[in-house]
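Some notes on the structure that comes next.
Numbering (my numbering), first residue to last: 8 to 118.
Okay, here's the thing in structure tokens:
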């Protein structure tokens, strides 16, 4: 997926929107980790192959963030860059000053 964000960082400033060593050592990263660690983690519910086969073309809310979750590459493409942006921002992976602008699928390897 391609992303676009706010302009480049000022010279000497660290870009805290990507997983650099600077980010990993930053207060922003510590804050994000503490927030994630405070979340109540739902019990993992095993599903059968039959459940996957019966539901693989449906969308459903995910267990961790409660947003609609695609089961296939085709669904990710159909849901588009706006959905992927929302998913990454909800998880804290992508800053709110950044967005996915295009989804480019892999042609040689299919999921």
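We treat Cβ as the ideally placed atom computed from N, Cα and C, and that holds for glycine.
| Query | Result |
| --- | --- |
| Coil, strand or helix - residue 107 by DSSP | strand |
| Assigned exposure category for residue 90 - 16 Cβ within 10 Å defines buried | buried |
| Among 36, 79, 92, 49, nearest to residue 60 - alpha-carbon criterion | 79 |
| CB contact check: residue 59 to chain C, cutoff 9 Å | Protein chains in the displayed structure number just one, and chain C is not present. |
| Three-state secondary structure (DSSP) of residue 45 | helix |
| Nearest-angstrom beta carbon gap, residue 88 and residue 109 [assumed within contact, 8 Å] | 6 Å |
| Supposed close pair residue 100, residue 72 - CB separation, criterion 8 Å | Not quite, the Cβ-Cβ distance comes to about 11 Å (not below 8 Å), so this is no contact. |
| Residue 27 versus residue 95 - alpha carbon distance | 17 Å |
| Pair within 9 Å by beta-carbon distance, residue 68 and residue 86 | no |
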